[in-house]
Amino acid sequence: METIAAMDVEEQPSPTPNNVKRFGLKNSIQTNFGEDYVFQIIPKDDWSAMAVSLSTNAVKLYSPVLGQYYGECKGHSATINQILFSGHSNDPHILSSCSSDGTIRAWDTRTFQQ
């Protein structure tokens, strides 16, 4: 069972010249990750979801506002190096992930399937 908690996220100015955004977590969400490590956390452009890549080679999705757990994308057999939500309006539910297993996967965040 995942713990539901509020989380405040504050956008910080980027020190780099490109459009990279940095986020400072003002509060934390206590979750049932166990002994897993978090590698990357990214929000959707509309802040309706946040993707979290873990040391279990899976990506979990949460509500950044409520801390509610949505589901998990599993399929990689090695470390997930990068996750990215589609920025295209025709594919708002697509999350991509690339891994050290040599694969790039596209996930439908409504079903958590490839």
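For the sequence shown, counting from 1, position 56 maps to 56 in UniProt numbering; every step adds exactly one.
Even for Gly, the Cβ is constructed at its ideal location relative to N, Cα and C.
Suppose you measure from the CA of residue 78 to the CA of residue 99; what does that come to, to the nearest Å?
Numbered from 1 along the sequence shown, position 78 holds the residue referred to as residue 78. Numbered from 1 along the sequence shown, position 99 holds the residue referred to as residue 99. One Cα belongs to residue 78, the other to residue 99, and the distance between them is close to 6 Å.
From residue 63 to residue 84, what distance separates their C-alpha atoms?
Position 63 of the sequence shown, counting from 1, holds the residue named residue 63. Position 84 of the sequence shown, counting from 1, holds the residue named residue 84. Rounded to the nearest angstrom, the gap between the Cα atoms of residue 63 and residue 84 is 16 Å.
Bridge partners of residue 91, per DSSP?
If you number the sequence shown from 1, residue 91 lands on position 91. As DSSP reads the structure, residue 91 sits in no beta bridge.
Give me the DSSP bridge partner(s) of residue 64.
To locate residue 64, count along the sequence shown from 1; it is residue 64. Residue 64 is bridged by DSSP to nothing; it lacks a bridge partner.
Candidates 47, 40, 95, of which the one nearest residue 55 by Cα:
Position 55 of the sequence shown, counted from the start, is the residue given in the question as residue 55. Distance from the Cα of residue 55 is smallest, within the candidate group 47, 40, 95, for 40.
Enclosing beta strand (DSSP E) for residue 136 [first to last residue]
Residue 136 lies beyond the range of the chain shown here (1 to 114); nothing can be said about it.
Here's the rule: buried if 16 or more other CB atoms are within 10 angstroms of the residue's CB, otherwise exposed. What is residue 111?
As a working note, residue 111 is residue 111 in the sequence shown. Under this definition residue 111 is an exposed residue.
Taking the straight line between their C-alpha atoms, what separation do you get for residue 103 and residue 97?
In the sequence shown, the residue the question calls residue 103 occupies position 103. In the sequence shown, the residue the question calls residue 97 occupies position 97. Cα to Cα, the separation comes out at about 8 Å.
Whole-Å CB distance - residue 35 paired with residue 58, under 8 Å assumed:
The residue given as residue 35 occupies position 35 in the sequence shown. The residue given as residue 58 occupies position 58 in the sequence shown. Taking a contact as a CB-CB distance under 8 Å, the pair residue 35 and residue 58 does not count as one, their CB atoms being some 14 Å apart.
Buried or exposed: which applies to residue 107, given that a residue is buried once 16 or more other Cβ atoms fall within 10 Å of its Cβ?
Position 107 of the sequence shown, counted from the first residue, corresponds to residue 107. Residue 107 is buried by the Cβ-count criterion.
Between the CA atoms of residue 69 and residue 60 - distance to the nearest angstrom
In the sequence shown, the residue the question calls residue 60 occupies position 60. In the sequence shown, the residue the question calls residue 69 occupies position 69. Distance between the alpha carbons of residue 60 and residue 69: 8 Å.
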